[in-house]
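A.B. asks:
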Amino acid sequence: MRIIPLQQCVPGNIVAKSIYTDNGTTLIGAGVVLTEKMLSRLKQLNVTVLYIDDEWTKDILVEDIVSEQTRREAMGVINESFRAVKEDPQKLPYLFTNHQMGRKFRQVMGTIVDELKYNSQAMNLLGTTCAVDSYIFSHSFNV
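Residue numbering for the sequence shown follows this note's numbering, starting at 1152 and increasing by one per position.
If you want it as structure tokens, here you go:
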């Protein structure tokens, strides 16, 4: 699999990693053959890159640093929080102190930290990045 800009995708490309909406719902699943209509919709949704399977890179596997399930849960919690603030901006100061929402954030962030902690490749990459360029390290860590 390889990652390519959406502008380089053509009908017939095969999606290698599922594409999700902002709330974590699967938009296009892995293994789906892209059509012109799908590519147009992805452009409308501001998707900029995606993973595709092809003959040149069929033996390359890109492992996720954070699992798909955790990523989807995080996207759902973030989306739910943004929606709550959009409906009532006065909720922003209380968003993370709200028992229910605060607990959800703590749980998903704890899961992300645990997955990073046990991923030696991610830790090595962060360590190397820190040694080479502290700005990139800070940005990567904060993202």
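Backbone N, C-alpha and C define an ideal beta-carbon position, used for all residues, glycine too.
Touching or not, the region 1152-1170 and the region 1197-1205, by the rule of three or more beta carbon pairs under 8 Å?
C.D. replies: Yes, since at least three Cβ pairs between the region 1152-1170 and the region 1197-1205 fall closer than 8 Å, the two stretches touch.
A.B. asks: Starting from I1229, trace the beta strand (DSSP E) in both directions and tell me its first and last residue.
C.D. replies: Unbroken run through I1229 is the alpha helix (DSSP H), E1219 to E1238; no beta strand (DSSP E).
A.B. asks: Quick one: is L1212 buried, meaning 16 or more other Cβ sit within 10 Å of its Cβ, or exposed?
C.D. replies: Its Cβ having fewer than 16 others within 10 Å, L1212 is exposed.
A.B. asks: In the DSSP output, which residue or residues are listed as bridge partners for D1215?
C.D. replies: Answer is none; D1215 lacks a bridge partner.
A.B. asks: Please work out which residues of its chain come closer than 6 Å, Cβ to Cβ, to E1224, disregarding the five sequence neighbours upstream and downstream, and give them in chain order.
C.D. replies: Excluding residues within five positions, the ones whose Cβ falls inside 6 Å are V1259.
A.B. asks: Going by alpha carbons, who is nearest to D1204 out of N1174, N1275, K1168 and F1233?
C.D. replies: Of the listed residues, the one whose Cα sits closest to D1204 is K1168.
A.B. asks: For N1275, does the count of other Cβ atoms within 10 angstroms reach 16, so buried, or fall short, so exposed?
C.D. replies: It is exposed - the Cβ of N1275 has fewer than 16 other Cβ atoms within 10 Å.
A.B. asks: Counting along the chain, where does the beta strand (DSSP E) carrying L1178 start and finish?
C.D. replies: Here the beta strand (DSSP E) through L1178 covers T1177 to I1179.
A.B. asks: Helix, strand or coil for P1162 per DSSP?
C.D. replies: P1162 falls in the coil class under three-state DSSP.
A.B. asks: Quick one: what does DSSP say F1286 is sitting in, helix, strand or coil?
C.D. replies: This sequence places Tyr at residue 1286; Phe is not what is there. The answer is helix: DSSP assigns Y1286 an H, G or I state.
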